[in-house]
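**Q**
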Amino acid sequence: MKILFISMPSIHAKRWIDNLQGTNHEIFWFNILNKGTLDSNSNVIQIVDWQKRKIPKLKGEYFLLKKFPKIFYSIQKYLEVSIDEQITRILKEINPDVVHSFEMQSCSYPILKTMNKFPNLKWIYSCWGSDLYYYQNFKQDNFKIKKVLKRVNFLQTDCKRDLLIAKELGFIGVCLDVIPGGTGFKLNELANFKKPISDRKIILVKGYQHQFGRALNVVKALEEIQNELIDYKIVIFAAHNVIVDYVTKNNLPFQTFESHSLSHEQVLDLMGQSLIYIGNSISDGIPNTMLESIVMGAFPIQSNPGGATAEIIINQQNGLLIGNPENTNEIKVLIQLTLSNAINLKNAFEINQEIASTKLDFYLNQKKVLQIYEFHNSRN
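Per this note's numbering, residue 1 is the first one in the sequence shown, and the count goes up by one each step.
(1) I'd like the ranges of any alpha helix (DSSP H) spanning at least 4 consecutive residues and lying wholly in the stretch 98-151.
(2) Check each candidate in Asn-142, Ile-343, Ile-6 and Thr-328 and name the one with the smallest Cα separation from Leu-222.
(3) By how many angstroms is the C-alpha of Val-369 removed from the C-alpha of Asn-341?
(4) Return the first residue and the last residue of the alpha helix (DSSP H) that Thr-248 is part of.
(5) Give me the residue from Thr-37, Gln-21, Asn-19 and Leu-20 with the minimum Cα distance to Ser-7.
(6) Bridge partners for Asn-318 per DSSP, in chain order?
(7) Among Ser-261, Asn-344, Asp-162 and Val-244, which has the Cα closest to the Cα of Phe-254?
(8) With a cut-off of 8 angstroms on the beta carbons, I'd call Arg-53 and Leu-79 a contact; round off their distance for me.
(9) Only counting the same chain, and skipping five residues up and downstream in sequence, which positions put a Cβ closer than 7 angstroms to that of Lys-332?
(10) Tell me whether Glu-292 is buried or exposed, calling it buried when 16 or more other Cβ atoms sit within 10 Å of its Cβ.
(11) Per the DSSP calculation, Gln-46 is bridged to which residue(s)?
(12) According to DSSP, simplified to helix, strand and coil, what is Lys-201?
(13) Short of 8 angstroms in beta carbon distance, which residues of its chain neighbour Asn-217, apart from the five on each side in sequence? Order them along the chain.
(14) Hey, how far is the Cα of Ile-314 from the Cα of Pro-9?
(15) May I ask you to report which of helix, strand or coil DSSP gives Phe-171?
(16) Please determine, among Gln-105, Glu-26 and Leu-252, the residue with the shortest C-alpha to C-alpha distance to Ile-230.
(17) I'd like to know if the stretch 87-97 and the stretch 106-115 are in contact, where contact means that at least 3 CB-CB pairs between them fall below 8 angstroms.
(18) Is the distance from the Cβ of Ile-301 to the Cβ of Leu-204 below 8 angstroms?
(19) What's the C-alpha gap between Phe-72 and Ile-197?
(20) Have a look at Ile-27 and Phe-5 and give me their C-alpha separation to the nearest angstrom.
(21) For Ile-75, count neighbouring Cβ atoms within 10 angstroms of its own Cβ and tell me buried if that reaches 16, exposed if not.
(22) Do Asp-131 and Glu-103 count as a contact pair if the criterion is CB distance below 8 angstroms?
(23) Using DSSP with H/G/I as helix, E/B as strand and the rest coil, what is Lys-37?
(24) Where in the stretch 245-315 do unbroken runs of the alpha helix (DSSP H), each at least 4 residues long, occur, reported from the N-terminal end onward?
(25) Please name the residue or residues paired with Leu-163 in a DSSP beta bridge.
(26) Could you please give the first and the last residue of the uninterrupted alpha helix (DSSP H) stretch that includes Leu-4?
(27) With DSSP run on the structure shown, which of helix, strand or coil describes Glu-80?
(28) For the candidate residues Lys-346, Asp-162 and Ser-40, whose alpha-carbon lies nearest to that of Gly-22?
(29) Beta-carbon within less than 8 angstroms of Gln-136's beta-carbon, same chain only, minus the 5 sequence neighbours each way: which residues are those?
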């Protein structure tokens, strides 16, 4: 089978595609952002650096793009090769059996025009994070989402919540298995990185503070109770500048690692040493980082936008759910509750290890991934 994947150069796309390593599928990957390659172990034909100029660059193009994007995009096809032109060319050249796009706003909106020109070509769309839950609330995005879902044949999500939202938005195609965004973990390879619960003294925080991330509220909560945390080390990873600046300005005894300063393996190693992991955002699917914390044995305290996190965490059993990600006091109370022995952390660890082995194992999820394309083969 010929499969054309369309995405940005993301680690989540890489992990998904790596599931197909060693199969007989002919795999193509189109970088919709033009620049950058996919560091994949699979034998993937990568289509990158495709956005060639049709005419020399004109003075004022960048200004037009930033200040008047609608005007720029209306004339872009005269300036350089467009996404529609390039994908149309690719589809005619390779004649794939299926197109699989990851993410909605950057990777599926732009290909709808092209896909509508090939109505018999099957389209799988993998929903990521806030694709539907957040963007459905904006009129223009809601309209575009419905248009894409009307054309998509097969929908794959990382949570049941988004399956329901897609149906509410008019999706009538086939719903595929719910599969974690990274498709799972090779648990045996990670076992040696996990310390016993009794030896863990790190409280680990994801440091995203942006459109969705609300790490600053977690940092402020920890600041308020830092006298209760003298036996613990606070570590903030993937910290955005506003987080680093706040910690520095207020002379907080917290260790920060800026975005991209730690490798994925180093983050997993940190999680294996951490007693508690805290992730806080106003919108997400099932957070991949929270799943990593579960696998590595850290007790998760996690926001629950739209109820997605509650599909994994049973409140006060194997984790704690943040009801209001903007409420610093609530976050503070949850941290205190976790450290007060009111929560059986050893029992939570056992529950989460069972979740890891039954839901988050790479090889179990790999079978589900491979079945998606076998399913298509059987329908051709």
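C-beta: ideal position from N, C-alpha, C; glycine also.
**A** Checking against the coordinates, here is how it stands:
(1) 112-116 and 139-151
(2) Thr-328
(3) Asn-341 and Val-369: Cα-Cα distance of roughly 40 angstroms.
(4) 241-249
(5) Residue Thr-37 is the option with its Cα nearest to Ser-7.
(6) Answer is none; Asn-318 lacks a bridge partner.
(7) Val-244
(8) 7 angstroms between Cβ atoms; contact.
(9) Ala-221, Glu-224 and Ile-225
(10) buried
(11) Trp-29
(12) coil
(13) Asn-280, Pro-325, Glu-326, Asn-327, Thr-328 and Ile-331
(14) 34 angstroms
(15) coil
(16) Leu-252
(17) Counting Cβ pairs under 8 angstroms, three or more are found: they touch.
(18) no
(19) 56 angstroms
(20) Using only the alpha carbons, I get a separation of about 8 angstroms.
(21) exposed
(22) Cβ distance < 8 angstroms, so Glu-103 and Asp-131 count as in contact.
(23) Position check: residue 37 holds Thr in this sequence, whereas Lys was assumed. Coil at Thr-37, not helix or strand.
(24) 264-273 and 288-296
(25) According to DSSP, which records beta bridges pairwise, Leu-163 is partnered with nothing at all.
(26) First-last for Leu-4: 2-7, but that is the beta strand (DSSP E), not the alpha helix (DSSP H).
(27) strand
(28) For Gly-22, the nearest C-alpha among the options comes from Ser-40.
(29) Asn-142, Ile-145, Ile-165 and Leu-169
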